[in-house]
Amino acid sequence: MKNYPSIVSRTKLIAMRQRLYQQDQKVVFTNGCFDLLHRGHVEYLREARQLGDVLIVGLNSDASVRTLKGSDRPLIGQEDRAVLLAELRSVTYVCIFGETSVEKLVGELMPDILVKGGDYRTDEIVGHEIVSAAGGQVRVLSLLPQYSTSFLIERIK
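Residue numbers for the sequence shown follow the working numbering, so the first one is 16 and each next one is one higher.
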């Protein structure tokens with residue numbers, strides 16, 4: 016997306032990762048659907064960014080969200096979700112990926128720190144073995160349980 020230089024293709028992201036490594040920049044990576052962006056997402060992403068120099072968000076494509084969450088999701092299309100994330104101060108780059116699992120992207124990116132929210136255990140985080148084997152960290156961050164997309168959808172109904 017031309018007006019949003021922080022929304023990058025997978026190819027560009029991998030090339031950028033090499034430069035960031037050479038510049039000794041600590042890369043933090045997370046991923047998700049980020050459908051109906053809410054305060055829980057914002058707090059989580061802010062906390063993730065504090066762990067390193069660069070925060071990269073892998074964003075599930077519309078097709079992968081439908082596979083993971085059902086035919087009525089996402090509520091907001093991938094380009095709009097990407098723009099919302101890109102405009103957050105804590106997010107450095109956003110990359111849309113099409114697979115239902117982020118494992119391949121994690122392996123290509125090799126972040127220094129892989130993070131997910133507090134509703135995960137470390138051993139449930141996709142890519143944790145890859146990052147740990149390479150000497151990186153895998154972290155579970157805080158969770159604000161009163162904020163979730165599913166909760167908001169139910170409340171709206």
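The C-beta atom is built at its ideal place from N, Cα and C for all residues, glycine as well.
Worksheet item: Can you tell which of R88, E139, I145 and S105 has its C-alpha closest to the C-alpha of L51?
Response: Here residue 51 refers to the residue found at position 36 of the sequence shown. The alpha carbon of L51 has as its nearest neighbour, out of R88, E139, I145 and S105, the alpha carbon of R88.
Worksheet item: Nearest to G150 by alpha carbon, out of L28, I29 and I128?
Response: One-based indexing of the sequence shown puts residue 150 at position 135. Looking at the Cα atoms, I128 is the closest of the given residues.
Worksheet item: So L28 is in the beta strand (DSSP E); what residue range does that whole segment cover?
Response: For the purposes of this step, residue 28 is taken as residue 13 along the sequence shown, with counting starting at 1. It is not in any beta strand (DSSP E) - L28 instead sits in the alpha helix (DSSP H) that spans R25 to Q37.
Practice prompt. Taking L74 and L100 to be in contact with their CB atoms under 8 Å, please state how far apart those CB atoms are, rounded to whole angstroms.
Written response: For the purposes of this step, residue 74 is taken as residue 59 along the sequence shown, with counting starting at 1. For the purposes of this step, residue 100 is taken as residue 85 along the sequence shown, with counting starting at 1. Confirmed, Cβ separation roughly 7 Å.
Worksheet entry | For T45, the first and last residue of its enclosing beta strand (DSSP E) | Against the sequence shown, residue 45 aligns to sequence position 30. Run containing T45: V42 to G47, per the beta strand (DSSP E) assignment.
Worksheet item: Helix or strand or just coil, what does DSSP make of Y108?
Response: Along the sequence shown, read from residue 1 onward, the residue named residue 108 stands at position 93. In this structure, Y108 counts as strand in the three-state DSSP scheme.
Discussion item. Quick check: the Cα distance between V57 and S79, rounded to an integer number of angstroms?
Written reply: Position 42 of the sequence shown holds residue 57. Position 64 of the sequence shown holds residue 79. When only Cα atoms are considered, V57 and S79 end up about 22 Å apart.
Discussion item. Taking 6 Å as the limit between beta carbons, can you name the residues of its chain near D68, skipping five residues before and five after?
Written reply: The residue labelled residue 68 in the question sits at position 53 within the sequence shown. So the list reads Q40 and K41, once near-sequence residues are dropped.
Item to complete: Look at the alpha carbon of S21 and the alpha carbon of E169, and state the distance between them as a whole number of angstroms.
Response: Taking the sequence shown and counting its residues from 1, one reaches residue 21 at position 6. Taking the sequence shown and counting its residues from 1, one reaches residue 169 at position 154. S21 and E169: Cα-Cα distance of roughly 32 Å.
Discussion item. Is the separation between the beta-carbon of L156 and that of Y59 shorter than 8 Å?
Written reply: Taking the first residue of the sequence shown as 1, we reach residue 156 at position 141. Taking the first residue of the sequence shown as 1, we reach residue 59 at position 44. Against a cut-off of 8 Å, the Cβ pair of Y59 and L156 comes out as a contact.
Worksheet item: Could you give the C-beta distance for F49 and R96, rounded to a whole number, given that I count them as a contact under 8 Å?
Response: Working through the sequence shown from its first residue, we reach residue 49 at position 34. Working through the sequence shown from its first residue, we reach residue 96 at position 81. That belief holds up - the Cβ atoms of F49 and R96 are roughly 5 Å apart, short of 8 Å.
Practice prompt. Measuring alpha carbon to alpha carbon, tell me which of T107, S116, H53 and T115 ends up nearest I91.
Written response: The residue you call residue 91 lines up with position 76 of the sequence shown. Of the listed residues, the one whose Cα sits closest to I91 is H53.
Item to complete: Determine, using beta carbons only, whether V72 and V106 come nearer to each other than 8 Å.
Response: Residue numbering aside, residue 72 sits at position 57 when the sequence shown is read from its first letter. Residue numbering aside, residue 106 sits at position 91 when the sequence shown is read from its first letter. Yes, these two residues count as a Cβ contact at 8 Å.
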